[in-house]
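Everything below concerns the one structure shown next.
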Amino acid sequence: MSAKVTNSWGSALLSKTVRSPAMRFHDFRLLLASALFDSMGFMGETVVLGWVILEMTDSPFMVGVAVGIRHAPAFFLGVVAGTVADIIDRRKLMRSLMALSALVALGMGLLLSSGEAQLWQLLLVPMVGGSIGTTSMTTRQSFVFDVVGPENALNGMAYLSLAMRFGGMIGALAVGFILANFGPGGGYFVLASGYLGSTIILSFIRSRGQAAPAGGVNMLKGVVEFWTELRHNRTVSALVIVVVFVEFFGFTTQALMPSFARDVLEIGVEGLGLLTAIFAAGGMLGILLVSVFGEIRRQGLVFIVALHVFGGALLILGFAPNLYVAIIAILVMSAMMALSDLFSQTLMQRLVPNDLRGRAMGVWTAAVGTAPVGNLTIGALASIFGVTAALAFHGAGLIAVAVITVSVFGKLRRV
Numbered sequence: 012m013s014a015k016v017t018n019s020w021g022s023a024l025l026s027k028t029v030r031s032p033a034m035r036f037h038d039f040r041l042l043l044a045s046a047l048f049d050s051m052g053f054m055g056e057t058v059v060l061g062w063v064i065l066e067m068t069d070s071p072f073m074v075g076v077a078v079g080i081r082h083a084p085a086f087f088l089g090v091v092a093g094t095v096a097d098i099i100d101r102r103k104l105m106r107s108l109m110a111l112s113a114l115v116a117l118g119m120g121l122l123l124s125s126g127e128a129q130l131w132q133l134l135l136v137p138m139v140g141g142s143i144g145t146t147s148m149t150t151r152q153s154f155v156f157d158v159v160g161p162e163n164a165l166n167g168m169a170y171l172s173l174a175m176r177f178g179g180m181i182g183a184l185a186v187g188f189i190l191a192n193f194g195p196g197g198g199y200f201v202l203a204s205g206y207l208g209s210t211i212i213l214s215f216i217r218s219r220g221q222a223a224p225a226g227g228v229n230m231l232k233g234v235v236e237f238w239t240e241l242r243h244n245r246t247v248s249a250l251v252i253v254v255v256f257v258e259f260f261g262f263t264t265q266a267l268m269p270s271f272a273r274d275v276l277e278i279g280v281e282g283l284g285l286l287t288a289i290f291a292a293g294g295m296l297g298i299l300l301v302s303v304f305g306e307i308r309r310q311g312l313v314f315i316v317a318l319h320v321f322g323g324a325l326l327i328l329g330f331a332p333n334l335y336v337a338i339i340a341i342l343v344m345s346a347m348m349a350l351s352d353l354f355s356q357t358l359m360q361r362l363v364p365n366d367l368r369g370r371a372m373g374v375w376t377a378a379v380g381t382a383p384v385g386n387l388t389i390g391a392l393a394s395i396f397g398v399t400a401a402l403a404f405h406g407a408g409l410i411a412v413a414v415i416t417v418s419v420f421g422k423l424r425r426v
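Quick note on our numbering: the sequence shown kicks off at 12 and runs consecutively.
This is how it looks when you write it as structure tokens:
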């Protein structure tokens, strides 16, 4: 009986996905396929970079530094990347960025395969890759809105996130296996192939999109225009502030996964690949919930509820007594991570004029780019007090952020 119910639910979900308004667009389906391959590289790099740094330095703090350096360009380049995405044809920009990502990953693979890699090189190359990734992410998220239009924006962003997390799950498992059997150089060659696949798929996208902005603004004027909008639009400003603190307390916990796998759970590098894949799987479950319900009216309220559950799951992970509890906590936590990203991204684009959407996503990316501060903090806490204490502290901090958000930012609750 339960098997029939499960099959029926799965068939209904598949049917709903296929018949989704967003999936009618040919270019959107191509964008999803390209995002899947891109995410194989991005999430796979999280596994291989963190493990290599941990093995080289035996320091959770240095893993936090490495992950922080990879995400730092988002803070410094977010608004600029968003302005570029509003000026340049987004199709051409995405193709160029994916080709560059493939070259960077290939270069990193050759460096690690040579056996001559030094720590400063392992910290420099991710900075370059992070700069490319910042612009790529901002452009892709804006292009979803271009293709599917404002009426299907949440649905389109949900499917994009689903494709990215599915690709991330595949990339994490593949890189975990390659890393254990062929070394870190082989892991980066897998990443390069993912980025190359994304580049090829993007070359088949035909249209600029039904809601694409006209462009034509210069760089400086574009940046000034958005800061003016941000100063007057208090709801967007509040959302940016919340995203900064959610990133600091919630998303930076992934920097501790190498130490959590090796020192707390004692499951090694393939276990790290498994945990990273579970992160992706949990995110997929969260996004599937949204795809079942379709367009949600009170998106701000759902966003705030997700933050409360996110913090609770992170707190449980900090005190997880065994692998099974850790897996459940990671599944719930990553589902809430996905919903947090999805609703904050969609709200950011809904709350600004159409010609500022690229810059809105640039500011969102800059807010996410504050992660290096959190990575350094959580790495230092783990080095001094242990991984468990660091996770618990960040979980409690995230719950506090959620409570303050629902208490102070009333308008955000109502949008």
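Even glycine gets a Cβ: it sits at the ideal position worked out from N, Cα and C.
Just the C-alpha distance for residue i and residue j, rounded to the nearest angstrom, thanks.
| i | j | result |
| --- | --- | --- |
| Val-58 | Pro-161 | 35 Å |
| Val-384 | Phe-87 | 13 Å |
| Gly-208 | Leu-173 | 18 Å |
| Val-254 | Lys-103 | 29 Å |
| Phe-215 | Met-295 | 26 Å |
| Ile-278 | Ala-393 | 18 Å |
| Gly-311 | Arg-424 | 5 Å |
| Ala-249 | Ala-288 | 32 Å |
| Val-303 | Ala-324 | 23 Å |
| Leu-134 | Arg-308 | 43 Å |
| Leu-202 | Gly-282 | 19 Å |
| Ala-44 | Ala-191 | 28 Å |
| Arg-217 | Ala-403 | 48 Å |
| Gly-89 | Ile-410 | 27 Å |
| Ile-143 | Trp-62 | 22 Å |
| Trp-375 | Leu-121 | 34 Å |
| Ala-337 | Ala-331 | 5 Å |
| Gly-406 | Gly-329 | 8 Å |
| Pro-195 | Thr-246 | 44 Å |
Can you have a look at residue i and say buried or exposed, based on whether 16 or more other CB atoms are within 10 angstroms of its CB?
| i | result |
| --- | --- |
| Asn-386 | buried |
| Glu-258 | buried |
| Ile-341 | buried |
| Ile-327 | buried |
| Ile-415 | exposed |
| Phe-396 | exposed |
| Tyr-335 | exposed |
| Val-343 | buried |
| Gln-433 | Residue 433 is absent from the model: the chain starts at 12 and stops at 426. |
| Arg-433 | Beyond the ends of the chain as shown, which are 12 and 426, falls residue 433; an answer cannot be given. |
| His-243 | exposed |
| Thr-239 | exposed |
| Phe-260 | buried |
| Phe-256 | buried |
| Pro-71 | buried |
| Gly-293 | buried |
| Arg-370 | buried |
| His-37 | exposed |
| Gly-126 | exposed |
Is the distance from the Cβ of residue i to the Cβ of residue j below 8 Å?
| i | j | result |
| --- | --- | --- |
| Gly-93 | Gly-373 | yes |
| Phe-154 | Leu-60 | no |
| Ile-298 | Arg-176 | yes |
| Phe-39 | Val-136 | no |
| Phe-321 | Ser-355 | no |
| Phe-262 | Ala-382 | yes |
| Phe-53 | Gly-197 | no |
| Ala-116 | Thr-210 | no |
| Met-138 | Ile-80 | yes |
| Leu-11 | Ala-272 | Past the edges of the chain, shown from 12 to 426, lies residue 11, and the structure says nothing about it. |
| Gly-75 | Gly-421 | no |
| Ala-85 | Ala-377 | yes |
| Gly-182 | Met-347 | no |
| Gly-171 | Arg-106 | One detail in the question is off: residue 171 reads as Leu in this sequence, not Gly. In this structure, Arg-106 does not lie closer than 8 Å to Leu-171 by Cβ. |
| Phe-314 | Leu-358 | yes |
(request) Tell me the start and end of each unbroken alpha helix (DSSP H) in the region 37–95 that is at least 4 residues and wholly inside, in chain order. (result) 37–68
(message) Quick check on the DSSP output: what are the complete alpha helix (DSSP H) runs of length 4 or more inside the region 114–184, in order along the chain?
(response) 130–159
(message) In chain order, what are the residue ranges of uninterrupted alpha helix (DSSP H) at least 4 long that sit wholly in the region 300–387?
(response) 310–329, 334–361 and 368–379
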